[in-house]
Amino acid sequence: MSERISIIGLLEKAWEYESGRRLLPYDVFKWWGRRPALLIQALLLDALDSPLDDLNEYVAKRLSHKSCKVLRDLTICDPMCGGGTSCIEAMFLGAGKIVCSDIDPSSVLVVKATLEILSEKCTEIINQLNNALMTVADKIRNLWCIDEYCYVHTFLTRECYDDFCTVPRWLGVIRRKNEVVKISITEDGEIAEDASVSISEKIEIPRKNLVKINEGVYAYASEMYRLLENKTVERVFVSLIKNPRVAAHLAESQKRSRRLLEKSCTPIPEYKETRRLKKNNVFCWEQLFTPRQLLTLKLFLKEVNNVNSSLLDVATAMVGTAVRTLSLLAFYYQPYGKINPGLIIKSYWLPKYPAELNPLAGDLENVRTIGRGTLLTYLKKISRVCDSCKHQDLNVNSVIVESKNAYEASYTGCDVVILDPPYPGKVDYNAMSLIYDVARGLLRDQTGHLSKADGGINVYDLDTYTNQLLGILRKISTEVKHNGKIYLLLSDDENGRKVIEALKRELKRLDNSLSIEDKGSFTGEAPGVLGRSNTKGITVLKIVKNKS
27 MSERISIIGL LEKAWEYESG RRLLPYDVFK WWGRRPALLI QALLLDALDS PLDDLNEYVA
87 KRLSHKSCKV LRDLTICDPM CGGGTSCIEA MFLGAGKIVC SDIDPSSVLV VKATLEILSE
147 KCTEIINQLN NALMTVADKI RNLWCIDEYC YVHTFLTREC YDDFCTVPRW LGVIRRKNEV
207 VKISITEDGE IAEDASVSIS EKIEIPRKNL VKINEGVYAY ASEMYRLLEN KTVERVFVSL
267 IKNPRVAAHL AESQKRSRRL LEKSCTPIPE YKETRRLKKN NVFCWEQLFT PRQLLTLKLF
327 LKEVNNVNSS LLDVATAMVG TAVRTLSLLA FYYQPYGKIN PGLIIKSYWL PKYPAELNPL
387 AGDLENVRTI GRGTLLTYLK KISRVCDSCK HQDLNVNSVI VESKNAYEAS YTGCDVVILD
447 PPYPGKVDYN AMSLIYDVAR GLLRDQTGHL SKADGGINVY DLDTYTNQLL GILRKISTEV
507 KHNGKIYLLL SDDENGRKVI EALKRELKRL DNSLSIEDKG SFTGEAPGVL GRSNTKGITV
567 LKIVKNKS
């Protein structure tokens, strides 16, 4: 017999179900500081007038992506919905009405795209997106392929001084049956197997022997693949110093792509997190891509827009998520032989040795990925969500998604409000979500920075943050239904605790009809994957509006 799971028990252990991998659909489109799905479900189930003693049934259903109707009579509201976890989990629990809003239009984009891939038309969406990828691949094959071979990764360096450039000696790995073989490059440009090479070793190569990609960015080697008749894949490393034909093709394909692109500069907005880019003389989002990457992504979005513009939210969310891997922010991790997307966006860190990943690498006809983080990677993720969820009676029409700030949102009729603001004193999520602005800007008729609604919360000044949050809570508690529940989630650190204590004092002083309960401190971000936030603890405050 299974051990009984209480509300508190699920709050304490929710993260364990997602340690290392998020529950579907949350591994498709990138969002930051996502709560474990079952933590949100625990809070929603706690809001029932007759709290449940054993949540085993609900945990089992969620882990198998099944819905239930336990919240059918409730309206759930989330005015800072971010990536939409609260809204999606309320849908899995069958809430009668769900209203999610956010000041950040990138949030609205991601939530709408997620609802699309959870809908019954997801199979049609996948087919149309794959057809768009195949059409683009046919148009520009000669930019990414030479004879039978196509590029997977092209290895780049930014570390150049005078006549020489520094590069890692270790290129990557080749897997042969039961062994992993390390591949290295020498100062002379020779490719060799080398079991002793380490990730810290660097060599210098004359700049004149390298291929210029962008200003200050040079290529020294590529990894290429070809599809064999027996449906296997052959992958080889190529030195651009020793193979002048591939080097010439690479240089020419970048030049041709640059000629085909219309000159444009989408300015990078001024945020604390984006200053690093400007210090490295990167002022336009277009500078974060190689010319042929930029052209490929633009053509994909335009093809989707031409074929079925209603799919543009999903396609844009795919490209926005892929900016972490399909740009010069991409960090290639030699021991795995893959791009690691986890380290990049929170600080817009420009790696010294980025890699150009082919957005179209893979077997498109058989939907088989080659390389981590291609457009095909995300299409396969969408397919997995579709296969798991499309027959689970999820009512996506119960969800209303709005772009507005928390002061403008109406809470009239809300039975439960989940309020999960950005961490005080931490990274501004608006800065990180700019990757979706980049994707949107790739369409010629939608260039420029996406405007965000006025009234954003100030994460950098603690007093201002507290007063803003107090104003939002007063509005919610005034408008929410009698016996309505508000769950406030804040970081379990010094700043978060200061804010919580200040809010409790002020709320009690302003409205003695409110019941305020500390639910406790819990793991609010599932750890276990490189690049996740170090701030994982959250504290939960429950506020109940009693009848006056």
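Residue numbers (this note's numbering): 27 to 574. Even for Gly, the Cβ is constructed at its ideal location relative to N, Cα and C.
If you draw a straight line from the Cα of S335 to the Cα of Q313, it comes to about 27 Å.
For the pair D518 and I564, the CB atoms are nearer than the 9 Å cut-off. Under DSSP, W196 takes part in a beta bridge, and its partners are S210. Excluding the 5 residues flanking it on each side, H508 has same chain C-beta neighbours closer than 8 Å at K571, N572 and K573, in chain order.
Between L81 and S32, the alpha-carbon positions lie close to 6 Å from each other.
By the Cβ test, the region 301-309 is not in contact with the region 266-281, since fewer than three Cβ pairs between them sit closer than 8 Å. A Cβ-Cβ contact shorter than 9 Å links G215 with L266. C126 is positioned such that its CB atom lies closer than 9 Å to that of V425. Closest in alpha carbon position to I444, among C94, T111 and D99, is T111. Sequence-distant Cβ neighbours of S145 in its own chain, meaning closer than 6 Å and more than five residues away, are V422.
Boundaries of the beta strand (DSSP E) around T565: G563 to K571. Around the beta-carbon of K298, fewer than 16 other beta-carbon atoms lie within 10 Å, marking it exposed.
The beta carbon of L469 sits closer than 6 Å to those of L327, all from its chain and outside the five residues before and after it, given in chain order. Between A341 and V349, the beta carbon gap of about 13 Å keeps them out of contact (Cβ cut-off 8 Å). Counted as a single uninterrupted DSSP element, the stretch harbouring T316 is not any beta strand (DSSP E), since DSSP gives it neither H nor E.
Listed in chain order, the non-local C-beta contacts of L499 below 8 Å within the same chain comprise L445, I512, L514, L529, L533 and I569, local neighbours out to five positions each way being set aside. Contact between D72 and M106 is ruled out by a C-beta separation of about 19 Å, above the 8 Å threshold. Annotation: the continuous alpha helix (DSSP H) that includes H275 extends over P270 to L286. Excluding sequence positions up to five before and after K238, its CB lies within less than 7 Å of the CB of Y244, all in the same chain and listed in chain order. Three or more beta-carbon pairs separated by less than 8 Å link the region 182-194 to the region 224-232, which places the two stretches in contact.
For the set A121, W170, Y362 and G522, the Cα lying nearest the Cα of D99 is the one of A121. R184 and S503 have their C-alpha atoms some 53 Å from each other. Apart from sequence neighbours up to five positions away, the residues of its chain that approach Q360 with a beta-carbon distance below 6 Å are W196, G198 and I225, ordered along the chain. Residue range L338 to A348 is occupied by the alpha helix (DSSP H) that includes D339. Within the same chain, and ignoring the five residues on either side of A221 in sequence, the residues whose Cβ sits closer than 7 Å to its Cβ are K208.
Beyond the five residues adjoining it in sequence on each side, K545 comes within less than 6 Å, by CB distance, of V566 and K568 in the same chain, given in chain order. In this structure I124 touches I102 by the C-beta definition: roughly 5 Å separates them, less than 8 Å.
Straight across, the Cα-Cα distance linking E288 with E83 is about 56 Å. I294 sits close to V308, with the two beta carbons spaced by under 9 Å. For N240, the enclosing beta strand (DSSP E) begins and ends at V237 to N240. Inclusion of R466 and L141 in the CB contact set at 9 Å is not warranted, their separation being larger than that value.
DSSP places T400 in the coil class of the three-state scheme, outside both helix and strand. Beta-bridge partners of R202 (DSSP): E205.
Three or more Cβ pairs closer than 8 Å define a contact, and the region 406-415 meets that threshold against the region 147-159. Between L355 and P377, the gap from beta carbon to beta carbon is short of 9 Å. Under the DSSP assignment, F118 falls in the alpha helix (DSSP H) whose first and last residues are T111 to F118.
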